[in-house]
Ligand code: SF4
Ligand code: SF4
Ligand code: SF4
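And the structure:
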């Protein structure tokens, strides 16, 4: 455990703490300073001036989900790409081509999805 | 010092985990999962796996939890509003506790040999990943591809029916 | 609630006032001529002129028929229903008068169809099937004058709100009495 | 720091996951519990990697395994959620007890 | 306009905005008097009553024509016998006693000005009349005259029909004939 | 209409259209809806301190009046004009937000008809305190040219408390800006008087 | 209420009902559009109007003819002068008043400028609908210039009450000609600038091209008129096909679209502004001297009769139907508001679009609620 | 790690927070002023001298504004969402160097850290949208999630290409690597992808579909008021600043200036100001774009992201990696990516996005119509 490792990540923790505290402090301040006057009407959800009707969430566009999956897949790919980026120059040549095959396979997936028309919203 | 950090992370992990299995609202469960994942990333950090901690955040914290939340929002949330455990929950509890005891005893009995930690850096990791593990690495891409195509097919069939 | 303050607006028949001159332009004359020929198919239809507009007065039962005729006949081609007006002649037996202003974009004709409705049962067949633009005009007439449209029962209010009582377009509906001064 | 902390944490998390898998009805929650269990494994692996006395090769081994586990987990989850969504749309239900997939 | 080459639309837009960025802002800084947008002479602000400087009385005779014609019925007026007329100081037999306009109601249509036969009412250049109460803008005769005086002085206003509406008492009859 | 005993503010009841007949010419008392001094801070700390801070807050509030973008009729066009380049309400820190949750001022610009009465009340209620209302134009003030109409609310103050009335039909943009400035003035004055007001309110509460 | 019924009726097939309006930044006034969406896709819409129903037609029955002009100002509060003109034409037709030449020219000049101002408002608001703030400000900048001119002529920025029965209220000021020419110069540049800023922008094209298509036939069936109809390829402009006032003397172009989509409706208006400038230029060059108003009594009592006039307001075919019973107040006034009919076609245009499109399609119809609800 | 060090860290972190708050306040004013200039207005100029106090007034007002919790909202999630949006954005700042030595923690994995953290803010928006239990918020939240995750990929890949080029993920080393040529020259395609994806991540015009006022009335933020809303606002402007800073660091050479004849503290200050000037320029471009462009539609946004940006970003990576691998001169990247950009634009124009013939409006002369009419009248 090197010294800089500890310092750096402690810094991350500290910043996270400070950020959280700052935001909480802000909420607290507003709690104290801001007037509060509850009423049922005020707390009713905004719907362009019409009393809100109960909403039904069923089957909202499933197309969104395809993008989520695509995102996961390419996110995972990024995980492999990052170490690769640092090593491919010094590593045996196979490494370079390996990754090209890897990306190729995933791009094939993208192409498949594209061809299937899922990226289109129609 | 690191024990303190570990404790913090462990608390996050465990509370998140309990949140997942105990929350009555499924979105809370998903967010608890996020907490557990962030905690796990902390544990990884303490285990000197800097890169993996970030991977954990990126994949679990980012992608996986988003996917879960996303699909929750694509469904009727009222269905999930109140979650009940099924009737086997006491059995499940007993099994879990029993298993915990078993594992705990075995861990405690065996004890650990070394007490020094060592780290590895990303380049080494990369080298071993891409040379020693080249085949699994390529297979991973295939797995991903299959997951993608499978999911798309599943979702798409749906669209077809709509029309 | 007090009645409106101006009592000098009353039925138009009572007032001895000059009546407007009627004149038709070239195209109006043409229309008048060809309309006269074909109007005989519709019993009870009267053709007249008001200022520069050829007007056909017709029975409400014949309305949809003549509308379809006017729209789909090649030489008329009234493809565009400009406006539906209701006039409330308060003291008449035939109290309401529906006026349909038709325009032929293709042939540049314009004319009006008039239908008189009794006060006790102001019902008229809907022309929604002929021109889609009749939709809101009819709903408006229903809102403001209480005209009923055959084939379009239970019209929800368009301009007024749910629960408004009375038909504010009618002459008998009072003006708001504003008492600030 | 000792390895035993990692092991204990992993054990606890794993058992929570087991409980979740067994006790919850919702398919989504079961999936999440599985994720917890996978995480427990990851923690364990990281622990072993960190405390490995066999040099960097073993460390890399542990971390590489974790990477693969995470990869597979993500892929599995994406697919599983798609299936759940699909089932939901067909049956309007995500409770495992009540899903009768075979009957279709 | 013909089909354009790629990205011309994007770049055109950016060019338009950058060009107007370099131009001077057109903003008038309102409350500062010298930086306001100029009011045109014909601007119709709220109605005001005019003041006859010749005989030091309002032009208005309280004939109520404007009151009747106002589409929003926002005015009221009352006339009285003009004391100055009895003293021979003014041509006006009747004069306004009280006049009230609810400027909150006025729709600035200018009909009152059109119908007034005595040049007694004018659309002034007043518009800053925001008030805290609903009825705070009911202005009475004095306020109307004040507004009018400001307007008169600003525009060097003269009555449109000076002969007819001047308040200067008529000279004896024969002189009128000769003129 | 009800007066909540605890908070001593009007809470318009949200049921159905127009409120019961109210005497014309006096709508709500302005200022009931916008007492900004009603916070924990003001309740706990001594008046001497809060009065000062209220003045500071009032300065901030008056310099950053965000409006609900809410044009009803013709006046809305002049309201937009007031936001446009030539008049630029942004100079005063006035910007519009689409949601009432982020707004401080509701500029009722245009004719309020009975069908719209409910939404207006609702939107007003949904704005967070402190909030103000500007009635722009003669329609919103008292019905204006539609005073004979069967469907127009004779002034928006029948529905919600109004702070500033801007006359005109439509008021020219400068007039609206002047109205905004009057409102700023009012906010400042209210804060200056908050000390006295507070004690008054306290007395009322005791009785 | 009816809305809720429909929720239950559709709740199996449709997931979400959203309310756009009455208070929504892009409903252009107080208009309520209830949309049922499947994700982002619109399944069904239901327009609700009446949130600005002021009962103008009824009020007209209790006002004298000269006072009614003020009410007509406030119907289509963006095309005020065109509305005044429509009413005055109706009364003039009824009373057979011949309007002096000069007044006709002044009317035409002002009405065309009014059309430009109105289209500028459309341009600005449409830009805002599309998500760009700057077009809005540019549009209003140009509009402000027109309004300044109006103020110098009529004394008011919006509610002019200038066009009177028999002519206009008063003669134009002395520097009117120069002012108009300067203004036209500004406007030409301004229109070009606006055109360059938005019309060719790829994103704007992508959002408006092929969206909200309506064919000419269907448009007519729905009673759509004005730029929205011309965008669908129907050549119909009352100024030419059924000329009123002195429009038959001018030479100008009529922009006609071919797709009937949002972009066409948008661009027809942009081109229309250019054509209006041409009309103003011609009118200003041969404006005669002379009277500005026919001799009309202050209290007008038209003969008994009824009259229907059509004019081309910036939004389309504005008809006024007037029944006179010989008294000083009309017996019945009916306005045929163009936006009212245009709005009916919204449902048709919104078929198969997204929520984001709803805003643009609605914007492209260019409604003014004062006119829709009256 | 001892106590004083940790206290020092706290102090530094607070300083960072303060710096960012100030920047945000300035940015809000700057944006209003910049937009005002673009629109030939003056912008806020009445609060304080030339409107300088405007943001402070806004901030204070927001703080003293009632904070409404809608009745149907999910309380916990509604309250925590602003934090979940703010925190990731703020955490990025740990590793962003403002000048050579001005950095809190110079992480070796800096770039990877940034990508990993930035994903998290999606969660906040989703939570805000869902927690508000408001339809607009829900639609907005879903839009936000769809948009952000779609543009995350090109964003990451553009960053990665820089990492490949610099052979390091350490921001400081990356900046040092640009001593001679800023990467913008070597990677024009990367810059384009980064800026576009960055704008989309920010949700700024033309990609502000998730809080589009004219469509979804503010999206996930509809129900938020007072302090909670201001945290969102803060996060948005902070992220704008972050993207601008990252653009400068990754593409425009960071604090590297043509000549820096100073040393020591003066040099730090000089390089810091040089850096800030560059950042201001980038921010101005962002505002400029905001002042010019309309918004795109959600489906166009998605297909643009996946069909153009993602493939382009992979091409960028390939290109960069291949050039390095085969040890070709670096200008090859520039040339090829410029060519690719051109081709892309050509296809955008021709292909999917605006594939219609553009001007469909023809002008028909009135005299022609009149002639036709009189003909027809005779018939
Ligand atoms: S202002 Fe004129 S019209 Fe009115 S009362 Fe006075 S004199 Fe008569
Ligand atoms: S301007 Fe019109 S509304 Fe105002 S007082 Fe005169 S007549 Fe009445
Ligand atoms: S006050 Fe006048 S301009 Fe304003 S909304 Fe009413 S009628 Fe229109």
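Chains as they are written, first to last, in my numbering: chain A, 1 to 122; chain B, 1 to 163; chain C, 1 to 181; chain D, 1 to 104; chain E, 1 to 179; chain F, 1 to 207; chain G, 1 to 374; chain H, 1 to 379. We put the beta carbon where it would ideally sit given N, CA and C, even for glycine.
Along chain E, which residues have their Cβ under 8 angstroms away from the Cβ of residue i?
i: residue 37 (chain H); result: 21 and 25
When burial is assigned at 16 or more other CB atoms within 10 Å of the CB, is residue i buried or exposed?
i: residue 90 (chain H); result: buried
i: residue 108 (chain B); result: exposed
i: residue 101 (chain H); result: exposed
i: residue 4 (chain B); result: exposed
i: residue 123 (chain C); result: exposed
i: residue 73 (chain C); result: exposed
i: residue 208 (chain G); result: buried
i: residue 329 (chain H); result: exposed
i: residue 136 (chain G); result: buried
Roughly how many whole angstroms lie between the Cα atoms of residue i and residue j?
i: residue 102 (chain G); j: residue 294 (chain G); result: 11 angstroms
i: residue 227 (chain G); j: residue 174 (chain C); result: 38 angstroms
i: residue 236 (chain G); j: residue 311 (chain H); result: 48 angstroms
i: residue 371 (chain G); j: residue 123 (chain G); result: 19 angstroms
i: residue 155 (chain G); j: residue 126 (chain G); result: 29 angstroms
i: residue 179 (chain F); j: residue 128 (chain E); result: 8 angstroms
i: residue 25 (chain E); j: residue 118 (chain G); result: 23 angstroms
i: residue 181 (chain F); j: residue 121 (chain F); result: 24 angstroms
List the residues of chain H that residue i touches, going by C-beta distances under 8 angstroms, in chain order.
i: residue 108 (chain A); result: The contacting residues do not exist; residue 108 (chain A) stays about 12 angstroms from chain H at best.
i: residue 65 (chain B); result: 123
i: residue 24 (chain G); result: 217
Give the interface partners of residue i over in chain F, defined as CB-CB distance under 7 angstroms, in chain order.
i: residue 108 (chain E); result: 168 and 169
i: residue 167 (chain C); result: Those do not exist, as residue 167 (chain C) stays about 10 angstroms from chain F at its closest Cβ, beyond 7 angstroms.
Just list the residues that DSSP pairs residue i with in beta bridges.
i: residue 12 (chain E); result: Paired residue(s): none; residue 12 (chain E) is not in a bridge.
i: residue 365 (chain H); result: G:253
i: residue 101 (chain C); result: C:83 and C:112
Just to check my reading of the structure: residue i and residue j have Cβ atoms closer than 8 angstroms, yes? What is that Cβ distance to the nearest angstrom?
i: residue 108 (chain H); j: residue 169 (chain H); result: 7 angstroms
i: residue 166 (chain H); j: residue 190 (chain H); result: Wrong, their Cβ atoms sit about 12 angstroms apart, outside the cutoff.
i: residue 209 (chain H); j: residue 290 (chain H); result: Wrong, their Cβ atoms sit about 14 angstroms apart, outside the cutoff.
i: residue 147 (chain F); j: residue 72 (chain E); result: 6 angstroms
I want to verify the contact list: residues of chain D whose CB lies under 7 angstroms from the CB of residue i, in sequence order.
i: residue 54 (chain B); result: The premise fails here: residue 54 (chain B) is roughly 11 angstroms from chain D at the closest Cβ pair, so nothing lies under 7 angstroms.
Using a Cβ cut-off of 9 angstroms, pull out every chain E residue sitting near residue i, in sequence order please.
i: residue 41 (chain H); result: 25, 26 and 27
Quick one: list the residues of chain G neighbouring residue i, beta-carbon separation under 8 angstroms, in chain order.
i: residue 297 (chain H); result: 206, 207, 354, 356 and 357
Could you name the residues of chain D that residue i contacts, counting a contact when the two beta carbons are closer than 9 angstroms?
i: residue 123 (chain B); result: Near residue 123 (chain B) there are no residues of chain D at all, since even the closest Cβ is about 11 angstroms away, more than 9 angstroms.
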